[in-house]
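Structure record follows, encoded as structure tokens.
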Amino acid sequence: MNVKVLILLVFLPHNLLAQSFSGLGSTAEGFADPAPNTIFNFPLDHGPHNTYRVEWWYLTANLSGEDQTPYGIQWTLFRTARSPNEKNGWLSNQIWFAHAAITTPNEHFTTERFARGGIGQAGVTAEPFEAWIDEWKLSGKNFDELSLNAAGPNFAYNMSLEAEGPLVFHGDKGYSVKSSEGQASYYYSQPFFKIKGNLSLPEGDINVEGNAWLDREWSSQPLSENQLGWDWFSLSLENGAKLMGFQLRQTDGLNFSSSSWIEPDGSLTSYGNSEFVAEPIKESNVYDKKIPTEWRLKLEDKNLDVTVKALNPNSWMNLSIPYWEGPVYVSGSHTGRGYLEMTGY
Amino acid sequence: MIASCLLALLSYWHKNPLQIFAYLSGVALATALWSGVQAINLEAKVSYKAAAETLGEGQYDIIQPKQDRTISTADYVSLRKSGWLVSPVVDGYLHNIRLVGMDPLTLPSSFLFANANITNSIGETNIFEILLTNESTVKNLIKNVKVIVDQNVAPGMAVGDISLVQRLLKKDKITYLIVDPEQPLGQKELEIVTPHLTLKNIQQMTDISKLTDSFHLNLSAFGLLSFAVGLFIVHSTIGLAFEQRRAIMRSMRSMGVSIRTLIIIVTIEMIILAIIGAIIGIVLGYLIAGFLLPDVAATLKGLYGANISGNLQLRPDWWLSGLIIALLGTALAMSSQIWQITKLPILASAKPRAWMLVSTSHFTLQMKSAILLLTLGGICTILFEGLIAGFALLGALLIAAAASLPALLAWSLGKLQKSARTPLWGWFWADTRQQLPGLSLALMALLLAVSANIGVSTMVSSFRLTFISFLDQRLAPELFLQVSNRDQSIELNTFLSERGIEVLPLMSKEAVISKQPVELFGIKVGNTYRENWRFLDAIENPWDTLQDGSATIVNEQFARRTNLWVGDQVNIASKLTLPIAAIVGDYGNPKGQVIINEELFRNLYPQSYPARFGIRTNNPVKLQSEIINQIGIDNNSIIDQKSLKAFSLEIFERTFLVTSALNILTLGVASFAILMSLLTLADRRIPQLSPVWALGLTRSQIGKLELLRAVLLALFVVVFSIPTGLVLAWVLLNVINVKAFGWQLPMFFFPLEYLKLGFYALFASFLAATWPSLKLIRTPPSDLLKVFASER
């Protein structure tokens, strides 16, 4: 088996990795575990937390070209530790990897990078903020004004971002529960970025602008043993509100869901299991898999009942660990756009 | 019914153990050399593949440090941060094992180390803490490292994470960087990011498997030749067995066995026997391969620097190919016999001599096909380029020679018969002639073996003579030396010029010229070059034009591959195009070479300095120790002329050791063919000899005549083999060598060698004929008498 995949298995729900090897992911020997009522310390917490097993800086953006053609980009930097004690140079236990993608209505470009910590090939510093792997970089003098770039063999992007609202904290003030058994992570977001820049595609360069959403999450044990995968939505509605909702699919056919309703001023209402409901409406055949690319989402408390539809159903991230991720449209009780990530299919 | 019929047919072999022996050994010998050679080739190919998968050789561009520079981790990170998708490799030796450190995170996925199956035995992801190695290497590895055995790792090598290998080798530098074939947009230029590093394209690297292709093809050709010889044995024994069993078959047919059933039974019988023979052959082949493999491994390492495993494995690929070729050979040999069965009339009397009495028209037909074959072979070489066409010509030549042998023999024997003065000799020649059909296959086999021997030994000896004189030209300096950095180079130059010692500095660089990977040399023209080098073709005063920078000298390999000859322009670099002043023969080297003068070379590569030196001195021993003591050059970097010559010759000898071993084996197989033919014929000779005995010749006289006949026939074959062998040698030197290695060799003749070979062949036939003759001498007179009593 590809060594990279093996290393990445730590990110997968336990049942999937049990087929290839057991033990990893269910216990977090020596790693720190998230606890409720933790007070975040910024800018330090924008940087890495090496005593936790996994962590990410996850950015998605819905963009429009000058001709109003919709586009989406993704930029994600992941950190995973093989053990909690850090060593220098090539002996480092930190493994970094990153995904970048551009989605157009007809095409989906993806690429990935891998690096080892300890030698400077990849890392994150809190202030000035810089998150990088190879030549890819998300950086700025603080977390509110950032520039972003990534490139693959046939695409590239260069963007600048400016935050127009505060950071928001999911779950219980940033302590986000991920299963009924209590698995949890630290989770906050900056969903109010304005973003503009340039996409390089095989057909030429395109100027784009739109809005971006940056997620920060870290944990040592993010998933429960009976969880198969997740469906994760981040929606920016036309009334200025935002919705983050995810459901973790379980082997028993049930789901564990969680969501946050974010007002335009950044005030957040958190909802526990089963208040946020997501039902697949339509499946598409993507890379020989049946992938639900149209969903009905409900959040009764906010009278939300919308249909979410993929901009490009073929937004398959055909990487070492494959998954689906791409921009979506929102219609129904509310309208808007957003991003959808689906794993474990 | 099939079982009892099969039993009836098989009982024949029980009564004729010699024939079954001849048949089985024919199949076995045919299979043995073929599968032995295949086993060797396969072992080498597996090793090349393992090396390619382990090291990515010939598949990726690499980035190397320029002379005297190194690659640090910081360089690697700078490159990655400038958009260069490169992966670091640390390479070094520890206790004779090549340790290769790689980074599984950035390594392209075609590499073995990026796909290693490490989960089963350990159960966790500690790829970073293990070494991957194959079974034959594992026992030599250091004890305190976790090792996972993976048969796909190249022999003599262990691969692990860069952190582990750096620790084991006590090294913190990177040896080279593998460049991913897919690079991102917007990458910065290498020269700007890391000016001390340089990119080397795949085209500049030599692909081991391509280089060695010709060597393996040579081996295969030998395997095929011996297979053909073995097939002659099979063909003649099958023919005889079918002929002698006509009576049984006729009886079986009369008892109601249908032709269909009969054919099925005969086929089953032949398949069983072929499989038994093939199995014996495969076992023999395994032994032969095991015996030859160490030499082949040494040759490949010496000639091409290719590492192959010295351990032979029983791989189904080669033993299956042995089995299949044995079955195909048997099928070929029995097809005409089967056809005859279908035409066997139930009531016709058996005609045991029919098989032997192949008419002269048959010989004429063979002669015609020989001419046709030769024409086809010739057309083939004209129409098609490449080694395969060369071998096709060679094959056509050999088969044509073999096919025309019986006709030529029959014709000569006819002449001799007419010129015989006494009735006895008249009978002797006539009798020899009528035996031809039965013996012709064995004689053809002998012809093939002797001609191949003459051809190959002429080639090898011509090559050796040329090579020795080439070494004398090239290795004129008394000392050869290699320095490891610029300071040493300057120091050495000063040291030598202060003492007035003639020195031949040599700068070299791998380059791509006229789309060919070559070694470009910068030399200082001196007396040694002028006096010693001989050219294949040159303008007047080529050294002068090289010295003043107005021309270049290239080796023959380069000239042939690019089809650029004396006077043609060579584009050496973007602003440097020079005419060829001379072409130099360059043997034992697979690469093209282009030589220019020192100044031009320095203009092209300002950073370069001479790293190799040839030194002229009357007292090499004293100078050697002075250089070692005063300049601090390591003893391993300096070698005297005598040792270098001995070393080069040793590589040469080893290269052809395998060839000569195979040569001897084919001659052995051919002698065996003669022995078997004579033995199987001996019984059938009695009715023909009885009348001669009755006329007054003693059994002893008859026996001696039989012996003489065998030796005379062999003599004839040997005489015919010499021209055939020489033509073969010509093809080897002027077609095969040119295509396989890129050099043409002058042909020399070695009459004493041929005489010796001829003597061996005669002696082998004499030995082969002794036993059947003795058998004849000891035939009881009653048996000879019975011929007249029994009704045939």
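Chains as they are written, first to last, in my numbering: chain A, 45 to 389; chain B, 895 to 1686.
Idealized CB from N, CA, C, for every residue including glycine.
A straight-line Cα-Cα distance of about 19 Å links Val-1629 of chain B and Trp-1459 of chain B. Secondary structure note for Leu-1668 of chain B: its alpha helix (DSSP H) is the uninterrupted segment 1645 to 1671. Under a 10 Å Cβ-count criterion, Lys-222 of chain A is classified as buried, with 16 or more other Cβ atoms of the shown protein chains found around its own Cβ. Under the three-pair Cβ rule at 8 Å, the region 928 to 936 of chain B does not count as touching the region 1068 to 1075 of chain B.
Taking a 10 Å sphere around the C-beta of Asn-193 of chain A, we find 16 or more other C-beta atoms and assign the residue as buried.
If you look at Phe-1361 of chain B, you'll find it in the alpha helix (DSSP H) that goes 1317 to 1368. The beta-carbon distance between Arg-992 of chain B and Gly-1050 of chain B, rounded to whole angstroms, is 6 Å. This is short enough to meet the 8 Å contact definition.
Neighbours of Gly-196 of chain A across chain B, judged by C-beta separation under 9 Å: Glu-1076, Pro-1078, Leu-1079.
Within the region 164 to 181 of chain A, Gly-164, Gln-165, Trp-176, Asp-178, Glu-179 place their CB atoms closer than 8 Å to a CB of chain B, listed in sequence order. In the three-state DSSP reduction, Ile-83 of chain A falls in the coil class, being neither helix nor strand. The Cβ atoms of Leu-1620 of chain B and Ile-1293 of chain B lie no closer than 8 Å to each other.
For Lys-1065 of chain B, none of the residues of chain A pass the 9 Å Cβ criterion, the least Cβ distance being about 11 Å. Rounded to the nearest angstrom, the gap between the Cα atoms of Leu-1656 of chain B and Leu-1561 of chain B is 11 Å. Residue state for Ala-1445 of chain B is assigned as coil, using DSSP reduced to three classes. Of all alpha-carbon atoms in B:Glu-1413, B:Thr-1553, B:Tyr-1423, B:Ala-1370, the one lying nearest the alpha-carbon of Asp-1534 of chain B is that of B:Ala-1370. In the DSSP assignment, Glu-253 of chain A is bridged to A:Ser-108, A:Lys-240. Residues of the same chain with a CB within less than 6 Å of the CB of Ser-1334 of chain B, apart from the 5 flanking positions on each side, are Pro-1300 in chain order. If the five residues before and after Val-980 of chain B are omitted, its C-beta is found closer than 8 Å to the C-beta atoms of Ile-957, Tyr-970, Leu-973, Arg-974, Thr-1000, Leu-1071, Ile-1072, Val-1073, Asp-1074, all from its own chain and listed in chain order.
Gly-1619 of chain B carries a helical assignment under DSSP once its states are collapsed to helix, strand and coil. Between Leu-1208 of chain B and Gln-913 of chain B, the gap from beta carbon to beta carbon reaches 8 Å or more. Of A:Ala-76, A:Ala-170, A:Thr-379, the smallest CA-CA separation from Phe-86 of chain A is found for A:Ala-170. The region 1448 to 1462 of chain B and the region 1479 to 1492 of chain B touch, with three or more beta-carbon pairs separated by less than 8 Å. Excluding residues up to 5 positions away in sequence, Ala-1370, Pro-1371, Glu-1396, Leu-1398, Gly-1508, Arg-1510 lie with their Cβ nearer than 8 Å to the Cβ of Thr-1422 of chain B in the same chain.
The beta carbon of Ile-365 of chain A sits no closer than 8 Å to any beta carbon of chain B. One thing to note: Ser-1356 of chain B has its Cβ no nearer than 8 Å to the Cβ of Leu-1649 of chain B.
Exposed is the label assigned to Asn-1038 of chain B, since fewer than 16 other Cβ atoms lie within 10 Å of its Cβ.
Our two residues, Gly-1590 of chain B and Gly-1308 of chain B, have alpha carbons roughly 25 Å apart in a direct line.
Within the same chain, and ignoring the five residues on either side of Arg-293 of chain A in sequence, the residues whose Cβ sits closer than 6 Å to its Cβ are Leu-272, Gly-273, Asn-299. With a threshold of 16 other beta carbon atoms within 10 Å, Gln-1045 of chain B falls short and is exposed. The residue among A:Pro-371, A:Gly-109, A:Asn-81, A:Ser-311 with its C-alpha nearest the C-alpha of Asn-251 of chain A is A:Gly-109. Contact of Leu-135 of chain A with chain B is assigned, a C-beta pair being separated by under 8 Å. Among the residues facing chain A, Val-1043 of chain B is not included, as its CB has no counterpart in that chain under 8 Å away.
Between Trp-1212 of chain B and Ser-1030 of chain B, the gap from beta carbon to beta carbon reaches 8 Å or more.
DSSP places Ser-328 of chain A inside the beta strand (DSSP E), whose first and last residues are 320 to 330. Classified as exposed, Pro-1210 of chain B has fewer than 16 neighbouring CB atoms from the shown chains inside 10 Å of its CB. Across the region 1215 to 1232 of chain B, no CB contact with chain A closer than 9 Å is found for any residue.
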